[in-house]
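J.: Each residue of the sequence shown is one higher than the one before, starting from 10 at the first, in this note's numbering.
We put the beta carbon where it would ideally sit given N, CA and C, even for glycine.
Since the structure is predicted, the reported quantities are computational estimates derived from the model, not experimental observations.
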Amino acid sequence: MKKATLVPLLLVAPLCHADIVGFGVGANYWQQNSSGYIADDGEDIDIDDSLGWQSDEQAGFYAYVEHPVPLLPNVRVEMTQLSVDGSETLEEEISFSDTTYVVGSNVSSHLDLDYLEATLYYELLDNWVNLDAGINLWYLDGEISLDSEGIGREVSEISAPIPTLFAQARFDLPFSGFYAGGDMSFISFDGNSLSDYSAEIGYRGDLGLGAALGYRQIKLTIDEDDLESDIKIDGAYVSVSYHF
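Here's what the structure looks like:
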């Protein structure tokens, strides 16, 4: 087994804060598509062409609290799971970790990645234009595995705490409840990088109930020891939320 470890940076300062304490919860349903490559002490393996990774659907959940205390950041926590499977009869030989999978063998592969995000942010603008900025503390925990009967199973583990820059913007259409917005998290360090972008349009009613339709893209690049990857997972999502 091998571990991929990514490392830190960053700081932001508050410019304004909420007038009252606010709480919110939400859930989303994400249609994921995957592309890119993985390599573990071998040549790059295309996850679509060679491994046959398929699209999948996943659910995520989040909660946040915003408050009027100066200098103290607002907090948002989100839990998401990325899970992608594939099964393919090889048309060319591939190597992963210490195992070579020969032409004609059926290889099952799996990416299982859970991540917890804790976002600490400040409100820079809070009117019909909303702008937040801060840091996003991720913790990734999962693995990439390849398995073929008669040849063997190999696993590369991904386990890493990752701080990223975070920014979020939202534009409200006055007196309507409709809005458009997006957010981004990003870090790049020593050949490793993580980016998470989303954009959505939505509606929130006077009673605090909201719904949105959007697009999200996560890209994870790892260059640690023998493990390398450049994986993109993206797709449309729908979400519901409640602010009180």
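Please classify P17 as buried or exposed, where buried requires at least 16 neighbouring CB atoms within 10 angstroms.
T.: Legend: pLDDT at P17 = 39, less than 50; position of this residue unreliable, value from coordinates given subsequently. So P17 ends up on the exposed side.
J.: Leaving out the 5 sequence neighbours to the left and right, which residues in its chain are closer than 6 Å to H119 when beta-carbon positions are compared?
T.: Excluding sequence neighbours, H119 sits near D94 and S154.
J.: Can you tell me where the beta strand (DSSP E) holding H76 begins and where it ends?
T.: Here H76 belongs to no beta strand (DSSP E), and DSSP marks it neither H nor E.
J.: According to the neighbour-count rule (16 or more other Cβ atoms, all chains shown, within 10 Å of its Cβ), is A229 buried or exposed?
T.: One point to set straight first is that residue 229 is Leu, not Ala, in the sequence displayed. Buried, because 16 or more other Cβ atoms sit within 10 Å of the Cβ of L229.
J.: State buried or exposed for D205, treating a residue as buried only when at least 16 other CB atoms are found within 10 Å of its CB.
T.: So D205 ends up on the buried side.
J.: Using only alpha-carbon positions, find the residue among Y38, D156 and S64 that is nearest to T109.
T.: Here the closest residue by C-alpha is D156.
J.: Rank E237, I227, S59 and D215 by C-alpha distance to the C-alpha of H252 and give the top, closest one.
T.: Comparing Cα positions, the closest option is D215.
J.: Please determine, among R213, Y73 and L91, the residue with the shortest C-alpha to C-alpha distance to D150.
T.: Of R213, Y73 and L91, the residue nearest in Cα terms is L91.
J.: From the DSSP secondary-structure annotation, give me the bridge partner or partners of P170.
T.: Note: P170 sits in a beta bridge opposite Y148.
J.: Evaluate the contact criterion for the stretch 69-81 versus the stretch 98-113: three or more CB pairs, one atom per stretch, below 8 Å.
T.: Counting Cβ pairs under 8 Å, fewer than three are found: no touch.
J.: How should L24 be labelled, buried or exposed, when 16 other C-beta atoms within 10 angstroms of its C-beta is the threshold for buried?
T.: Note that L24 has pLDDT 47, beneath the 50 cutoff, so the model's placement of it is unreliable and no number is given.
J.: Would you list the residues sitting across from S157 in a DSSP beta bridge?
T.: S157 is bridged to G161.
J.: Are three or more beta carbon pairs between the stretch 126-140 and the stretch 94-106 nearer than 8 Å?
T.: No, because fewer than three Cβ pairs between the stretch 126-140 and the stretch 94-106 fall closer than 8 Å, the two stretches do not touch.
J.: Counting along the chain, where does the beta strand (DSSP E) carrying I103 start and finish?
T.: Counting along the chain, the beta strand (DSSP E) containing I103 begins and ends at I103 to F105.
J.: Are N37 and S248 touching if we call contact CB-CB under 8 Å?
T.: Contact: yes.
J.: Between F175 and Y130, is the Cβ-Cβ spacing less than 8 Å?
T.: For F175 and Y130, yes; Cβs fall inside 8 Å.
J.: Does DSSP put G217 in a helix, a strand or coil?
T.: Coil.
J.: CA-CA distance, N42 and D107?
T.: Going from the Cα of N42 to the Cα of D107 covers about 28 Å.
J.: Can you check whether the CB of R225 is closer than 8 Å to the CB of G186?
T.: Going by C-beta atoms, G186 is not nearer than 8 Å to R225.
J.: Can you list, in chain order, the residues of its chain whose CB lies under 6 Å from that of I227, leaving out five sequence neighbours each side?
T.: Hits under 6 Å: D205 and I242.
J.: Based on DSSP bridge pairs, tell me the residues matched to Q63.
T.: Beta-bridge pairing links Q63 to no other residue.
J.: Going by DSSP in three states, L20 sits in which element: helix, strand or coil?
T.: Because the pLDDT at L20 is just 36, under 50, the model does not fix this residue reliably, and the value given afterwards should be weighed accordingly. Correct three-state label for L20: coil.
J.: Could you tell me which of L222, A245, I240 and L218 sits nearest to G33, measuring between CA atoms?
T.: Measuring from the Cα of G33, the nearest candidate turns out to be L218.
J.: If you run the structure through DSSP and keep just helix, strand and coil, what is E209?
T.: Here E209 sits in strand by DSSP.
J.: List the residues that DSSP assigns as beta-bridge partners of I54.
T.: Its beta-bridge partners are I47.
J.: Measure the beta-carbon distance from E126 to E87 and round it to whole angstroms, keeping in mind my assumption that it falls under 8 Å.
T.: That pair is a contact at about 4 Å.
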